[in-house]
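Residue numbers (our numbering), protein chains in the order written: chain A, 545 to 685; chain B, 545 to 685. Report on the following structure.
There are 2 protein chains.
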Amino acid sequence: MSLSAEIILRENGLRVTPQRLAVLELFLSHSGFHWSADQIRNQLLPRIPGLARGTTYKVLEEFVRSHICEELPTPEGLFLYGIRLKPHHHFACRKCHRWFDIDVDGVDNIHISSILPGAVIDDIAVTFHGLCRDCRVNESQ
Amino acid sequence: MSLSAEIILRENGLRVTPQRLAVLELFLSHSGFHWSADQIRNQLLPRIPGLARGTTYKVLEEFVRSHICEELPTPEGLFLYGIRLKPHHHFACRKCHRWFDIDVDGVDNIHISSILPGAVIDDIAVTFHGLCRDCRVNESQ
DNA sequence: GTTCGTGCAAATCTTTTGCAGTTTC
DNA sequence: GAAACTGCAAAAGATTTGCACGAAC
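Have a look at this one:
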């Protein structure tokens, strides 16, 4: 696990530091999960005792720039970060505010007829909002 | 125009104030546009000289709660507000950062097979990211 | 007259920035 | 050794909050 994180960093031309390894390994061991910068920092503090907020943000910024991570703007007004292994969409729970990756196969192709004449489309982001199973179960008690 | 804004406020059980009327009339006369709280305030300052930032946020919060407005979290880390007349999706320009409403008819139905077992889906938000026509034209000069 | 909304200012929260010291290559 | 990264602290920017006054019903 430590090895592949290092390889990913080198492949992306990023220097290998304990901070970057820790963040990337956290993502690799929890693909499909999304966290805020502070949630990431808090999880890593035991392993990297002095990890600074600023460093966490800089690592994540670098990962976003390298397309290792995605940065999701949430209705709560902060960003969540997750690893970007393959194209996917999201389900966001309106109660626990967790975001889950959704396989693209789960969504049929979206056909764009004449969305906006003249515009160039790079990316389509589909986000489902609702109540996740955990929250639905807890709510109906 | 002034009349229908007043009716919309009353229908939603909201008191009619000059500030709320001004915000709502701005939206009504520019449906499909989206602005930040400060952009809204700046446009209204000539009409409502003392309009406070806090008031703008409170008006928008009330409109979101009443489903008069939608609140869009953007990659730039702030919210854009727009009027919510009928279901639609969005196109966000990566250069000028404007958001445009997209008619739902422009997007074929999205079929959900088995997205997340047990989850309840309330809403589907589709956002296209790319370069709008204006920016594409300017870029190719 | 009571309830609710506004303006103002301070506070909060997330994220960014600058810099000196340290690590990576 | 040069370039890049980290920690720290301060700054920035958006949004929220509390409260006294005034407006809406």
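Even for Gly, the Cβ is constructed at its ideal location relative to N, Cα and C. For clarity, every value in this text was computed on a predicted model and none was experimentally measured.
query                                                                                                                                                                              : result
Sort out for me which residues DSSP pairs aspartate 647 of chain B with in a bridge.                                                                                               : B:His632
Would histidine 641 of chain A pass as an interface residue toward chain B - the criterion being a Cβ-Cβ separation below 8 Å?                                                     : no
State the Cα-Cα distance for the pair glutamate 606 of chain B and proline 617 of chain A, rounded to the nearest angstrom.                                                        : 22 Å
I'd like to know if the stretch 633-641 of chain A and the stretch 615-634 of chain B are in contact, where contact means that at least 3 CB-CB pairs between them fall below 8 Å. : no
Considering only the alpha carbon of each residue, which of B:Leu553, B:His574, B:Tyr625 lies closest to serine 580 of chain B?                                                    : B:Tyr625
Kindly indicate if chain B contains any beta-carbon less than 8 Å away from that of histidine 632 of chain A.                                                                      : no
Among A:Gln587, A:Lys602, A:Trp643, A:Gly662, which residue has its Cα nearest to the Cα of threonine 561 of chain A?                                                              : A:Lys602
Quick one: does arginine 585 of chain B have its CB under 8 Å from some CB of chain A?                                                                                             : no
My understanding is that leucine 570 of chain A touches isoleucine 584 of chain A, with C-beta atoms under 8 Å, so please give their C-beta distance in whole angstroms.           : 6 Å
Considering only their Cβ atoms, is the gap separating isoleucine 552 of chain B from phenylalanine 672 of chain A smaller than 8 Å?                                               : no
Quick one, which of B:Ser610, B:Arg638, B:Asp645 has its alpha-carbon nearest arginine 554 of chain B's?                                                                           : B:Ser610
Residues in the same chain with beta-carbon distance under 8 Å from leucine 675 of chain A, minus the five sequence neighbours each way, listed in chain order, please.            : Cys637, Arg638, Lys639, Glu683
In this structure, how does DSSP classify phenylalanine 672 of chain A when only helix, strand and coil are distinguished?                                                         : strand
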